[in-house]
RNA sequence: UGGGGCAUCGUCUAAUGGCAGGACAACGGUCUUUGGAACCGUCGGUCGUGGUUCGAGUCCACGUGCCCCAGCCA
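Residue numbers (my numbering): 57 to 847.
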């Protein structure tokens with residue numbers, strides 16, 4: 057076995073890895089460093105798991121490093137307990153953050169010095185207005201802010217005040233340090249954000265040493281830089297904060313203490329939430345405090361502590377996180393993805409044993425002596441697919457399949473599941489029925505000869521005969537010996553909420569009735585926990601307590617780490633097995649259909665009806681519109697030009713050297729964005745020259761667009777670019793035909809598909825020819841040729 | 001409301017302007033001493049309307065919808 061095989065990628069390619077690839081190619085960074093910065097103010101949940109997967113996974117994939125950093129800049133919210141739990145959860149997930157955990161609080165002295173540096177540069181000031189006043193002065197989204205009377209304090213005064221803030225001379229709220237950026241900015245975040253505030257509180261790490269604390273924005277950028285972070289990844293709600301991040305780095309990076317580190321950049325990704333649950337800390341707290349669950353580690357909770365107690369393995373969480381994609385949109389992930397990841401993980405790691413959860417007594421009337429059978433822990437397919445041919449025992453030892461067995465005793469009295477017997481079987485029922493036969497897993501076929509019922513007519517006991525081995529059976533069911541099996545409690549967990557999007561549903565309700573922040577609690581699933589008393593085969597008593605089992609046909613289980621005791625076993629169901637029978641059985645019941653969930657109402661009508669209406673033009677714009685129309689410009693372009701003087705001006709200049717109608721298309725459709733942003737490096741004459749080439753048929757649009765793109769970047773004359781590269785349109789059939797033929801010959805399968813009716817392939821063939829000719833072929837001519845050849 | 005972000009199968013996610021692909025789910029089948037797993041197959045999508053182009057999910061315009069920002073929280 058070669059050890060040089062590359063470690064598999066954790067993160068599939070996405071917009072962030074694209075950025076990193078380019079940064080690496082351009083030599084901007086030698087090594088990729090990311091960071092995962094939770095605030096220790098609560099327990100980690102699946103959202104943290106996904107975010108950490110991105111941070112640690114990307115660092116892993118690029119052979120870089122990821123720091124684990126406690127973002128502990130708010131002493132009032134944070135606790136050592138949370139920090140420890142967070143670290144334990146991250147360790148449980150298996151992440152490697154090197155020799156030490158980082159803490160923002162470790163950098164308080166350095167951060168303080170950088171803040172002083174900003175003051176000295178005249179870029180920060182101590183403001184002394186009240187919080188209410190500051191909010192008022194900040195303005196609103198459509199009202200610019202007003203400078204605080206303290207905004208123009210001298211450097212000396214600011215320094216003096218800031219030092220006295222640190223020294224503890226002022227009460228909470230008396231002063232703050234603010235960055236002097238732009239009070240009129242349309243980005244509210246830039247209206248002189250707070251850098252430091254006074255908080256007289258005990259910090260769980262620094263105690264009473266500090267009474268001023270850096271804000272998120274200040275701490276994030278500076279500690280990233282101090283930690284050598286290159287790519288600072290966070291979620292989408294911080295997009296607006298990036299401007300502060302960059303502003304701070306513009307003024308602090310490159311000089312001590314940030315003269316030895318790469319300049320970090322922030323990139324944002326979309327959050328992922330999960331169906332049938334909530335992940336906001338506030339809402340999770342309500343579930344705990346309202347008694348809807350038994351605690352932060354309740355197995356129904358999406359916290360990592362809850363998932364861990366439920367029995368989910370970290371491997372499953374990672375598998376799940378890896379399957380969830382990264383994009384720039386907030387998204388809600390299908391719960392089936394999580395469940396599927398857990399099942400996939402457990403399928404090959406959880407030995408099979410039998411347990412009966414809802415027992416129905418069976419008497420084997422013709423079995424006089426107990427019979428002990430040896431049962432394999434693993435089904436044939438897991439054994440077959442084992443890479444080394446070995447399979448694990450419950451204690452973890454890997455052994456040959458024939459050794460991975462345990463004894464199970466068949467006795468005169470057994471238990472089977474109540475559901476595995478039916479007096480009136482539905483269609484397709486493959487279990488026991490009166491007079492019918494079924495196979496007891498690995499123990500023989502039985503026939504039901506009779507049954508007893510109680511006063512309500514419920515079946516209480518079956519009388520069965522053990523048949524010869526070769527007897528036919530309707531199906532296979534699991535069982536346990538009534539005398540040998542161990543009683544146990546089974547906790548069956550279901551989804552925490554009855555609807556996939558409890559928060560969205562609650563928001564809808566608010567509109568109709570009185571708004572209530574607790575509305576999401578209405579959707580808590582009253583049946584999210586069902587407790588049943590059953591029996592499990594005695595072999596489990598000898599296994600390690602943390603063994604995860606597949607209880608055959610019942611799902612994956614393990615013992616509750618807290619509540620399960622030697623004399624009183626308690627098993628948590630980690631996840632059910634996929635149960636296609638339950639679905640079909642339910643569908644055949646008309647009553648079930650009536651109770652089926654109604655169509656989703658949470659998603660408002662997304663499709664629009666009615667034609668879009670253009671905003672009305674001012675008289676001036678109307679005049680311009682008519683002017684352009686008169687010049688032969690198409691209406692769609694003319695309308696844009698009428699509203700945008702900048703584009704119109706450019707067009708007027710270019711029109712001195714080329715036909716206006718043609719130019720208008722280019723100005724509006726291809727140059728619009730660049731012209732508006734003022735980034736366009738092309739001249740009107742340059743565009744006109746290009747359009748003339750196009751009009752003369754010397755080049756095609758493909759060549760023109762490519763040249764234009766390059767001209768926009770470099771500021772060179774596009775016609776010059778065309779000339780230099782020797783590009784010109786090839787329309788000559790004699791030249792084109794051999795290329796077309798070659799392309800068709802190279803793709804016989806596509807040709808067949810095209811002839812079979814997949815006409816979309818026409819574009820593929822044209823594209824291939826265009827590539828072959830570096831864009832010089834006349835695409836219309838090529839299209840004709842392809843059509844002609846393919847008949 | 002000013003600014004910003006975003007919109008592709010039921011869900012998540014791909015597609016230098018050139019074959020709308022993959023995964024999960026669902027459905028059907030094969031196999032199976034688990035109605036599990038595995039294997040094979042099927043179904044199904046570019047928010048809308050225009051425009052540019054030989055060709056648009058991708059570029060342009062106008063709409064629509066969702067999310068974020070007016071904490072001395074993060």
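Even glycine gets a Cβ: it sits at the ideal position worked out from N, Cα and C.
Going by C-alpha to C-alpha distance, which of the options sits closest to residue i?
i, options, result
"residue 90", "760, 151, 390 and 139", "151"
"residue 750", "87, 183 and 834", "834"
"residue 70", "252, 689, 382 and 376", "382"
"residue 235", "223, 689, 268 and 273", "273"
"residue 786", "753, 154, 802 and 324", "753"
"residue 575", "564, 583, 582 and 584", "564"
"residue 776", "792, 594 and 739", "739"
"residue 170", "127, 219 and 141", "219"
"residue 412", "424, 121, 267 and 613", "613"
"residue 577", "80, 231, 115 and 562", "562"
"residue 208", "181, 224 and 142", "181"
"residue 761", "809, 832 and 710", "832"
"residue 843", "815, 826, 830 and 829", "815"
"residue 710", "677, 518 and 746", "746"
Assign residue i to one of two classes, buried (16 or more other C-beta atoms within 10 Å of its C-beta) or exposed (fewer than that).
i, result
"residue 771", "exposed"
"residue 837", "buried"
"residue 509", "exposed"
"residue 686", "exposed"
"residue 756", "buried"
"residue 297", "buried"
"residue 119", "exposed"
"residue 202", "exposed"
"residue 516", "exposed"
"residue 399", "buried"
"residue 113", "buried"
"residue 305", "buried"
"residue 436", "exposed"
Which of the three DSSP states, helix, strand or coil, is assigned to residue i?
i, result
"residue 658", "With a pLDDT of 35 at residue 658, under the threshold of 50, the predicted position of this residue should be treated as unreliable, though the coordinate-derived value follows. Coil."
"residue 409", "strand"
"residue 175", "helix"
"residue 337", "helix"
"residue 627", "strand"
"residue 733", "helix"
"residue 312", "coil"
"residue 502", "strand"
"residue 431", "strand"
"residue 652", "No answer about residue 652 holds up, because its pLDDT of 34 lies below 50 and its placement is not dependable."
"residue 806", "helix"
"residue 611", "strand"
"residue 388", "strand"
"residue 416", "strand"
"residue 359", "strand"
"residue 241", "coil"
"residue 460", "coil"
"residue 574", "coil"
"residue 511", "coil"
"residue 65", "coil"
"residue 517", "strand"
"residue 828", "helix"
4 or more residues per run - each alpha helix (DSSP H) lying fully within the stretch 260 to 325: 272 to 282 and 298 to 308
Any alpha helix (DSSP H) of 4 or more consecutive residues that is wholly inside the stretch 684 to 724: 691 to 699 and 701 to 710
Contact between the stretch 589 to 604 and the stretch 354 to 365 (3+ Cβ pairs under 8 Å): no
Beta strand (DSSP E) segments (min. 3 residues) lying fully within the stretch 89 to 124: 89 to 92
The stretch 321 to 339 in contact with the stretch 101 to 119 per 3-pair CB rule at 8 Å: yes
Sufficient close CB pairs (3 or more, under 8 Å) joining the stretch 127 to 139 to the stretch 334 to 351: no
Cβ pair count under 8 Å reaching 3, the stretch 424 to 437 against the stretch 618 to 630: no
Inter-stretch contact at 8 Å, needing at least 3 Cβ pairs: the stretch 463 to 476 / the stretch 415 to 422: yes
Every unbroken beta strand (DSSP E) within the stretch 189 to 214, with a cutoff of 3 residues, ordered by chain: none
Segments of 4+ residues assigned as alpha helix (DSSP H) that fall wholly inside the stretch 744 to 785: 757 to 770 and 774 to 781
Segment contact, 8 Å Cβ cut-off, at least three pairs: the stretch 156 to 176 with the stretch 258 to 273: yes
The stretch 442 to 449 / the stretch 387 to 397 touching (three or more Cβ pairs under 8 Å): no
Contact the stretch 251 to 259 vs the stretch 80 to 95: 3+ CB pairs below 8 Å: no
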